[in-house]
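Chemist: For the sequence shown, counting from 1, position 560 maps to 560 in our numbering; every step adds exactly one.
One structure follows; several queries about it will come next.
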Amino acid sequence: MKKMMVCFLLMIVQQLSAQSSLQKMEAVNFSKVNITDHFWKPKIDKVVKVTIPVCIYQTEIKTPRIRNFQKVARKKGEKHEGRYYDDSDVFKALEAMAYALQNGKDTALENKIDEWVDIIAAAQLPDGYLDTYFTLNDVSKRWTDIEKHEDYCAGHLIEAAVAYYNVSGKRKLLDVAIRVANNIDSTFRLQNRYWISGHEEIELALVKLYQVTNNDRYLKLADWYLQQRGHGYDNGKGWGTPAYWQDIMPVKEQTKITGHAVRAMYLYTGAADVAVQTGDAGYVNAMKKVWEDVVYKNMYVTGGIGSAGTNEGFSVDYDLPNEQAYCETCASVGMVLWNQRMNLMTGESKYMDVLERVLYNGALDGLSLSGDRFFYDNPLASTGEHQRAEWFGTACCPANIARLVTSLGNYIYARSYNSIYVNLFVGSNTIIPFEKNKVSIITETNYPWDGDVKIKVDPITKANFNVALRVPDWVNGEPVPGDLYRFADKRSVPVVIKVNGKEQSFTMQNGYAVISRTWEHGDVIEYSMPMNVNKIISKDSVQFNRDRIALQRGPLVYCVEGKDNASNAFNFIVPDKTNFKTEPYKILNEPVTALTATVPVIDVANSGTSVQTENKIITAIPYYTWCNRGSNQMQVWLPTKIKEVKLNY
Ligand SMILES: [Zn+2]
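What follows is the structure, encoded as structure tokens:
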């Protein structure tokens with residue numbers, strides 16, 4: 001434990017000394033945050049008790065992922081089984097397992113990690129190369145095809161190694177990762193051999209390795225990877241175009257989002273990480289433009305991105321079909337990663353608003369309430385053919401959502417030299433070192449079901465500093481920046497902040513309500529964000545949402561599912577003046593707030609030439625809870641006019 005603390009403190013010192021002026025704030029690391037939240041704690045527990053065991057079972061028993069590593073170590077000429085990127089699933093599961101240890105002591109889990117670490121270490125070649133696909137099949141072919149994910153897998157190995165080192169202080173896997181990174185650095189950067197990564201990921205991982213080792217070789221390699229882009233590499237197979245892997249132009253000149261959504265998110269996350277460490281504003285300026293292109297023209301109301309299944313990515317602007325929405329779970333995880341980096345760099349809350357939108361909707365939807373079923377794609381409408389799966393042939397999503405949920409603590413608090421930021425409203429406690437002081441923060445809330453948050457601010461020594469509370473976009477009557485979505489009734493209802501029971505004045509800075517005062521033992525903030533049911537309308541350019549509305553309350557986007565509505569989610573309209581009420585509700589064992597309204601429901605059986613309607617109650621549920629009670633109809637964008645109703649399902 002002592003060693004862990006030393007490691008952690010060393011990391012903080014290293015990070016603070018290395019940060020450039022591009023970093024406006026620093027996130028409080030998950031390993032310092034204890035989550036007690038009504039909403040998230042049961043989900044984290046579910047991931048630890050159910051999802052991670054599923055990942056372990058699938059990885060080492062049901063599929064050959066772990067066996068491939070064992071085959072390398074046996075050196076008996078056995079061939080690789082499965083897909084060439086399967087190693088990455090082992091590493092991502094390991095990363096989630098490492099984060100899970102933060103949830104409480106778990107000797108069996110830690111032993112399993114150590115067992116896997118030994119198996120992985122035994123598969124590393126003497127020169128540091130580690131990739132079971134090429135090592136088992138033909139090692140002479142290594143590094144000959146940029147699409148074969150060697151550096152993508154290496155990136156996930158590095159991330160797992162850093163995570164496990166941070167929580168346990170054990171460095172065997174970290175040493176494996178260091179040898180892998182050294183091998184790649186010697187093979188490419190030091191020889192200036194042309195290469196791009198066909199699936200970005202290693203860039204952000206190398207910055208993590210730099211932060212934990214303080215060896216700038218890894219930062220240089222991350223920057224080198226970024227600088228390679230822009231040569232327009234095409235693999236000649238029809239799908240591997242420069243746009244697909246963001247290689248049309250140099251990263252610093254990019255303004256438009258293109259291609260594969262997960263690749264793009266990991267690239268821009270890595271570019272932000274490099275920019276913060278090197279102070280290279282060129283990356284930041286490019287990413288601000290690309291971000292606007294994503295959020296203003298190419299993002300679903302759930303925060304999901306990558307509408308097209310053909311390239312698992314972006315199509316043309318405003319092409320956001322609902323039933324065909326691809327919205328891969330991993331792309332939503334990537335949006336969380338990238339938006340956090342943008343928030344930390346700029347200090348602007350709009351990035352955290354988008355992060356919250358995707359976290360509570362597009363990403364969380366990827367995990368079943370039971371914890372053992374998954375969505376790869378997350379559509380916004382279904383005629384009943386979508387079903388959650390136990391696992392996938394390409395199994396990137398399950399461990400990705402597992403590592404996101406178990407690392408939630410990374411996204412709640414941040415700090416700068418004179419401010420503590422509350423970014424997400426999650427019941428939790430932490431101690432934030434602050435100059436020579438330490439400030440204990442305890443947050444209690446029933447968010448996202450209501451907007452009241454109580455925060456105890458308790459410095460060891462009485463001190464003057466700022467506490468900055470994010471004022472979410474939905475409070476301000478704007479669902480997202482830009483004009484892609486807006487609330488039908490723009491209602492900007494002011495937040496109320498009290499300290500020790502008395503109303504407290506504050507200033508608005510970059511989307512945060514900033515309270516500046518002298519804080520002392522026993523101070524309590526009561527933050528009240530009025531939560532209304534908001535109807536969202538979409539820009540007319542999105543043809544699929546014309547004459548339709550979506551529902552949002554707090555950060556949650558809602559949908560209508562057949563299960564709550566006599567098996568039909570398509571037989572009604574929601575006229576303009578419809579008034580929705582809130583109602584306590586349950587989806588399986590998940591207590592939620594449902595929305596109900598009385599609307600014209602079409603008599604499907606008797607609808608002939610003239611459409612008959614009858615007023616009935618419809619129930620809408622949070623989008624993340626859909627398809628947990630079997631497959632059935634669902635839609636997020638609800639028609640306001642009869643002509644938009646489809647009855648032929
Ligand atoms: Zn995925």
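Cβ atoms here follow ideal geometry from the backbone N, Cα and C, with glycine treated the same way.
1) Measure from the alpha carbon of R179 to the alpha carbon of each residue in I158, Q227, T406 and A414, then state which is nearest.
2) From the DSSP output, in three-state form, read off W224 for me.
3) Do the region 475-489 and the region 455-464 touch if we need at least three Cβ pairs shorter than 8 Å?
4) For E328, verify whether its CB is less than 7 Å away from any heavy atom of ligand 1.
5) Are the Cβ atoms of V251 and Y283 separated by less than 8 Å?
6) Under a Cβ-count criterion, where at least 16 other Cβ atoms within 10 Å of its own Cβ denotes burial, should H156 be classed as buried or exposed?
7) Our contact map puts I248 next to T258 with C-beta atoms below 8 Å; I'd like the distance itself, whole angstroms only.
8) Specify, as a first and last residue, the run of the alpha helix (DSSP H) that N423 falls within.
9) Quick check: the region 357-376 against the region 387-395, are at least 3 beta-carbon pairs closer than 8 Å?
10) Nearer than 7 Å: is that true of the beta carbon of C397 relative to any heavy atom of ligand 1?
11) Does at least one heavy atom of ligand 1 sit under 7 Å from the Cβ of N500?
12) Out of curiosity, what's the CA-to-CA distance linking L10 and N214?
13) Identify which residue in N510, H521 and D450 has its Cα closest to the Cα of V457.
14) Please list the terminal residues of the continuous beta strand (DSSP E) segment that includes C627.
15) Could you pull the DSSP bridge partners for T445 from this structure?
16) Enumerate in chain order the residues of its own chain whose CB-to-CB distance from D317 is below 7 Å, with the five nearest sequence positions on each side excluded.
17) Shortest alpha-carbon distance to A325 belongs to which of P42, I573 and E312?
18) Spatial neighbours of K3 within its chain, please: CB distance less than 8 Å, with the 5 preceding and 5 following residues excluded, ordered by chain position.
19) According to DSSP, is I525 helix, strand or coil?
20) Is the CB-CB distance between V496 and I420 below 8 Å?
21) Taking the DSSP output, what are the residues bridged to L664?
22) Please state whether DSSP places A381 in a helix, a strand or coil.
23) Report the three-state DSSP secondary structure of V13 (helix, strand or coil).
24) Kindly provide the ranges of any alpha helix (DSSP H) runs that are 4 or more residues long and lie completely inside the region 126-196, ordered along the chain.
25) What I want to know is whether the C-beta of C85 ends up closer than 7 Å to one or more non-hydrogen atoms of ligand 1.
26) Check whether the Cβ atoms of T445 and V439 sit closer than 8 Å, and answer yes or no.
27) Using the rule of at least 16 other Cβ atoms within 10 Å of the residue's Cβ for burial, across every protein chain shown, is K643 buried or exposed?
28) Looking at ligand 1, does it come within less than 7 Å of Y152, judged from the CB to the closest heavy atom?
29) Regarding Y376 and ligand 1, is the C-beta to nearest heavy atom distance less than 7 Å?
30) Measure the alpha-carbon distance for S660 versus A272 and round it to whole angstroms.
31) So, with DSSP's three-state summary, where would you put M5?
Modeler: On the basis of the data shown:
1) Here residue 179 is taken as the residue at index 179 of the sequence shown, counted from 1. If we check each option's Cα against that of R179, I158 comes out closest.
2) For the purposes of this step, residue 224 is identified with residue 224 of the sequence shown, where counting begins at 1. Helix at W224.
3) Verdict: no, contact absent.
4) One-based indexing of the sequence shown puts residue 328 at position 328. E328 Cβ: within cutoff of ligand 1.
5) Residue mapping note: residue 251 aligns to position 251 of the sequence shown, counting from 1. Residue mapping note: residue 283 aligns to position 283 of the sequence shown, counting from 1. Going by C-beta atoms, V251 is nearer than 8 Å to Y283.
6) Reading the sequence shown from its first residue, position 156 is the one you call residue 156. With 16 or more other Cβ atoms within 10 Å, it is buried.
7) For the purposes of this step, residue 248 is taken as residue 248 along the sequence shown, with counting starting at 1. For the purposes of this step, residue 258 is taken as residue 258 along the sequence shown, with counting starting at 1. Right, their Cβ atoms sit about 6 Å apart.
8) Position 423 of the sequence shown, counting from 1, holds the residue named residue 423. Where N423 is concerned, there is no enclosing alpha helix (DSSP H), given that its DSSP letter is neither H nor E.
9) The region 387-395 vs the region 357-376: in contact.
10) Numbered from 1 along the sequence shown, position 397 holds the residue referred to as residue 397. Within the cutoff, so yes.
11) Taking the first residue of the sequence shown as position 1, residue 500 is located at position 500. Not under cutoff, so the answer is no.
12) By one-based count along the sequence shown, residue 10 stands at place 10. By one-based count along the sequence shown, residue 214 stands at place 214. The predicted model places L10 with a pLDDT of 43, which falls under 50 and marks its position as unreliable, so this point remains unresolved.
13) Numbered from 1 along the sequence shown, position 457 holds the residue referred to as residue 457. Residue H521 is the option with its Cα nearest to V457.
14) Working through the sequence shown from its first residue, we reach residue 627 at position 627. No beta strand (DSSP E) contains C627, which DSSP labels as neither H nor E.
15) In the sequence shown, residue 445 corresponds to position 445, counting from 1. In DSSP, T445 forms a bridge with V453.
16) Along the sequence shown, read from residue 1 onward, the residue named residue 317 stands at position 317. Within the same chain, Cβ atoms closer than 7 Å to the Cβ of D317 are found at K297 and N298, the five residues on either side in sequence being excluded.
17) As a first step, residue 325 must be located in the sequence shown, where it is residue number 325. Distances from the alpha-carbon of A325 to those of P42, I573 and E312 put E312 closest.
18) Sequence index remark: in the sequence shown, residue 3 carries index 3 (1-based). Because the pLDDT of K3 is 46, which lies under 50, any placement of that residue in the model is unreliable, and the number read from its coordinates should be weighed accordingly. The beta carbon of K3 lies closer than 8 Å to those of G169 in the same chain, with the five residues before and after it left out.
19) Here residue 525 corresponds to residue number 525 of the sequence shown, with the count starting at 1. Judged by DSSP in its simplified three-state form, I525 adopts strand.
20) Counting from 1 along the sequence shown, the entry for residue 496 is found at position 496. Counting from 1 along the sequence shown, the entry for residue 420 is found at position 420. It is not a contact, given that the beta carbons lie outside the stated cut-off.
21) Any property of residue 664 remains undetermined from this structure, which presents the chain solely from 1 to 649.
22) Start at 1 with the first residue of the sequence shown, and residue 381 comes out as number 381. Reduced to three states, the DSSP call for A381 is strand.
23) Counting from 1 along the sequence shown, the entry for residue 13 is found at position 13. Confidence is the limiting factor: at V13 the pLDDT is only 41, short of 50, which leaves the residue's position unreliable, though a coordinate-based value still follows. V13: helix per DSSP, three-state reduction.
24) Residue ranges of uninterrupted alpha helix (DSSP H) with 4 or more members, entirely inside the region 126-196 and ordered along the chain, are 132-137, 150-168 and 172-187.
25) As a first step, residue 85 is located in the sequence shown; it is residue number 85 there, counting from the start. The sequence given here places Tyr at residue 85; Cys does not occur at that position. Relative to the non-hydrogen atoms of ligand 1, the Cβ of Y85 never comes closer than 7 Å to any of them.
26) Translated into the one-based positions of the sequence shown, residue 445 becomes position 445. Translated into the one-based positions of the sequence shown, residue 439 becomes position 439. In this structure, V439 does not lie closer than 8 Å to T445 by Cβ.
27) The sequence position of residue 643 within the sequence shown is 643, counting from 1. Exposed is the call here.
28) For the purposes of this step, residue 152 is taken as the residue at position 152 of the sequence shown. Y152 Cβ: outside cutoff for every heavy atom of ligand 1.
29) As a first step, residue 376 must be located in the sequence shown, where it is residue number 376. In this structure, Y376 has its CB closer than 7 Å to one or more heavy atoms of ligand 1.
30) Absent from the model: residue 660. The displayed extent of the chain is 1 to 649, so no value can be given.
31) On the sequence shown, position 5 is the one that residue 5 refers to. Because the pLDDT of M5 is 46, which lies under 50, any placement of that residue in the model is unreliable, and the number read from its coordinates should be weighed accordingly. Residue state, collapsed to three classes: helix.
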